[in-house]
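Using my numbering, read the sequence shown as starting at 223 and increasing by one per residue.
The beta-carbon is built from N, C-alpha and C at its ideal position, and this holds for glycine as well.
In what follows, a structure is listed as structure tokens, so that the remarks can point back to it.
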Amino acid sequence: MATNENLPPNVIKQLAKELKNLNEIPPEGIQVGVNDDNFSIIYADIEGPAGTPYENGVFRMKLILTHDFPHSPPKGYFLTKIFHPNIATNGEICVNALKKDWSPSLGLRHVLIVIRCLLIEPFPESALNEQAGKMLLENYDEYARHARLYTGIHALKPKPKFKTGAISESTTALNVEQKNTSIKGVDQKNAVSGATAQLPSPLAPKLENGQDLPAAVTSTETGVPVGQKKEVGLAKVPTDKKKIDARKKSLKRL
């Protein structure tokens, strides 16, 4: 159990119970930070309500409990800069729930909900920020523009981060798959080339003794293996020789 010299034990006990409830069942758009060592300062992150100039913003605030709490109301401050009629430039909050409407029976949940509702419906008549209050009464569009500007600069909700690990793993798997596919393609190409090299060609040129001519020996003019032309020439030589011998014999007879 936390101890705090400014708060009596019975108040600390009651606060511990309330803070536990706020942590387990937080109000809409509000997250409470619990400091187990010091209950006299309560932190909360308030999401800007939709449809207001504070939409998409997260505003951190704190409630400071006095030594006579809950008989005296806590003091509230916005730690995140905000342009609002009821919030001073130093972050001090002006809301009736923390002043004349305070009651010891009111809990922290009620106070936090009222403060978030203040972002939805400001009260320019009791403004701590006179510029914002005057602008809200005279020109709402200009007021809203200023408020959105502050929200975008100081309270913009961080965008969710991508899971880089998952993306990296997917990318790595894709690269490995592509690499394996490329290697497989090369292996297939080599296998085909090897098989082709081992297969005997039906058009391989032959010498007279039946041996194969080297495949690299080709005609530069036609690209046809020289052996093929040579083989054709060899086939015609015996026929021409017989004709010549026959003519010689005929001449001798004459």
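- E364 and K356 have their alpha carbons spaced roughly 11 Å apart.
- In this structure, H376 sits away from T274, with a CB-CB distance that is not shorter than 7 Å.
- Between R338 and D323, the alpha-carbon positions lie close to 16 Å from each other.
- Judged by DSSP in its simplified three-state form, Y276 adopts coil rather than helix or strand.
- The C-beta separation of N228 from S262 comes to about 5 Å, placing the pair in contact by the 8 Å criterion.
- For L241, the CB contacts under 8 Å within the same chain, skipping 5 residues up- and downstream, are V254, V256, F261, I264, L330 in chain order.
- In the structure shown, the three-state DSSP call for D363 is helix.
- Between the beta-carbon of L334 and that of A272 there is about 18 Å, and that puts the pair past the 8 Å contact cut.
- Under the DSSP assignment, A266 falls in the beta strand (DSSP E) whose first and last residues are 263-269.
- V254: not part of any alpha helix (DSSP H); member of the beta strand (DSSP E) spanning 252-255, first to last residue.
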